[in-house]
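Novice: The structure follows.
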Amino acid sequence: MTGELVKRSYVIGQTEISARPLEPALYLVATPIGNLADITLRALETLAAADIVACEDTRVSRVLLDRYGIRRRTTAYHEHNAVDAGPKLIAALLDGQSVALISDAGTPLISDPGYRLVGEALDQGIRVVPIPGPSAPLAALTASGLPSDAFLFAGFLPVKTGQRLTRLEALKTAPATLIFFESPRRLAETLGAMVGALGGARKAAIGRELTKTFEEIRTGTLQSLADHYAAADTPKGEIVICVGPSDATADEPADIDRLLLSLAAEMPASKAAAEAAKMTGGQKQTLYRRLLELKDTGKKGDTGKEGDTGKEGDTGKDGDA
Numbered sequence: 064m065t066g067e068l069v070k071r072s073y074v075i076g077q078t079e080i081s082a083r084p085l086e087p088a089l090y091l092v093a094t095p096i097g098n099l100a101d102i103t104l105r106a107l108e109t110l111a112a113a114d115i116v117a118c119e120d121t122r123v124s125r126v127l128l129d130r131y132g133i134r135r136r137t138t139a140y141h142e143h144n145a146v147d148a149g150p151k152l153i154a155a156l157l158d159g160q161s162v163a164l165i166s167d168a169g170t171p172l173i174s175d176p177g178y179r180l181v182g183e184a185l186d187q188g189i190r191v192v193p194i195p196g197p198s199a200p201l202a203a204l205t206a207s208g209l210p211s212d213a214f215l216f217a218g219f220l221p222v223k224t225g226q227r228l229t230r231l232e233a234l235k236t237a238p239a240t241l242i243f244f245e246s247p248r249r250l251a252e253t254l255g256a257m258v259g260a261l262g263g264a265r266k267a268a269i270g271r272e273l274t275k276t277f278e279e280i281r282t283g284t285l286q287s288l289a290d291h292y293a294a295a296d297t298p299k300g301e302i303v304i305c306v307g308p309s310d311a312t313a314d315e316p317a318d319i320d321r322l323l324l325s326l327a328a329e330m331p332a333s334k335a336a337a338e339a340a341k342m343t344g345g346q347k348q349t350l351y352r353r354l355l356e357l358k359d360t361g362k363k364g365d366t367g368k369e370g371d372t373g374k375e376g377d378t379g380k381d382g383d384a
């Protein structure tokens, strides 16, 4: 009964506004990613009217709720307690209550376990209502200057080197701008891995502390950004990495063949393949095999000493290496 006596209202400036009643449903409420003024009016009313506000961290969310005079009951729902907390929220929904789900910042379900709760709610026939608003990936994308007609949010990359490389290789040919979250401590290492897997010539952007006082958006090639953060002090704040799609013209087979032959004229085949991989974002072994095929074709088409010498010289150097 005590909960029913609490005002369902929110405050903007000096004005207290009563919140209209909510229908029983699971409401996915986007919250600010930094600047608390980015909250929407609909989000405020939903948070004020909900029977339960489920938060990733109740302490973080309390700052937002207090800022707008919202006095609602909160409960924790996050990765570590989802197994226990999820069924309780579903039970409340089935009992006719309204639940507003929020994350620490941005749109719920983006790199958090909320999708499990949504899936269970849908399975139970519970209505799910999105309350859109701030989103760090979209904020970074729109300010990056990179193509926005197609994009792929890839979340956090694996920490282990091998798993990270496998993930990047799988994303390399995606015809879309790639968007990642990353820890500031791993930013330089991750950019270095991206240069190796995706190619240093790709355009990219780093969004840091978006919407906050020290917001920074740095653009350039992956190589230039990797060089900058390798030499700089570890940055502070939340990081979003945007990587533009590969240049389709650079992937034309004829162009790659010419590049391989040009490089092979100046260096051993193995090194030429490695350099071509850096320039095109291709795989070194694949380019190496293609170069050997080109050399073999050239040898068959030209019986002169030049073709024989080129192949034998390169093969010898590769073996020595």
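Every letter in the sequence shown is one number past the one before it in this note's numbering, and letter 272, counting from 1, is 335.
Ideal Cβ positions, reconstructed from N, Cα and C, are used throughout, including at glycine.
Just so we're clear, the structure is a prediction, and the values are computed from it rather than from any experiment.
Determine the DSSP secondary structure at leucine 172, reduced to helix, strand or coil.
Specialist: coil
Novice: In angstroms, rounded to a whole number, what distance separates the CA positions of threonine 240 and serine 246?
Specialist: 20 Å
Novice: Where does tyrosine 90 fall in DSSP's three states?
Specialist: strand
Novice: Would you mind stating whether alanine 163 and valine 116 have Cβ atoms separated by less than 8 Å?
Specialist: yes
Novice: Is alanine 93 closer than 8 Å to threonine 205 when the C-beta atoms are compared?
Specialist: no
Novice: According to the Cβ coordinates, are valine 303 and arginine 265 closer than 8 Å?
Specialist: no
Novice: Taking the C-alpha atoms as reference points, what is the distance between glutamate 86 and valine 123?
Specialist: 26 Å
Novice: Three or more C-beta pairs closer than 8 Å, one from the stretch 102–117 and one from the stretch 132–140: is that the case here?
Specialist: yes
Novice: Can leucine 324 and leucine 357 be called in contact, C-beta distance under 8 Å?
Specialist: Yes. Within cutoff.
Novice: Taking the alpha carbon of arginine 179 as the point to measure from, which residue in Gly149, Ala154, Phe214 has its own alpha carbon closest?
Specialist: When each option's Cα is compared against that of arginine 179, the closest is Gly149.
Novice: Beta-carbon within less than 7 Å of lysine 70's beta-carbon, same chain only, minus the 5 sequence neighbours each way: which residues are those?
Specialist: Non-local C-beta neighbours of lysine 70 in its own chain, meaning closer than 7 Å and more than five positions away in sequence, comprise Arg134, ordered along the chain.
Novice: Going by C-alpha distance, which of Ala213, Gly283, Leu107, Val192 is nearest glutamate 79?
Specialist: Comparing alpha carbon positions, the residue from Ala213, Gly283, Leu107, Val192 closest to glutamate 79 is Leu107.
Novice: Can you grab the Cα-Cα spacing for the pair alanine 203 / histidine 143, in whole Å?
Specialist: If I take the Cα positions, the gap works out to 28 Å.
Novice: Counting C-beta neighbours from all protein chains within 10 Å, is the total for isoleucine 75 16 or more, i.e. buried, or is it exposed?
Specialist: Residue environment: isoleucine 75 is assigned as exposed (fewer than 16 neighbouring CB atoms within 10 Å of its CB, all protein chains considered).
Novice: Taking only runs that begin and end inside the stretch 89–173, name each unbroken beta strand (DSSP E) of 3 or more residues, in chain order.
Specialist: 89–92, 115–118, 137–139, 162–165
Novice: When burial is assigned at 16 or more other CB atoms within 10 Å of the CB, is threonine 17 buried or exposed?
Specialist: There is simply no residue 17 to check, as the chain begins at 64 and stops at 384 in what is shown.
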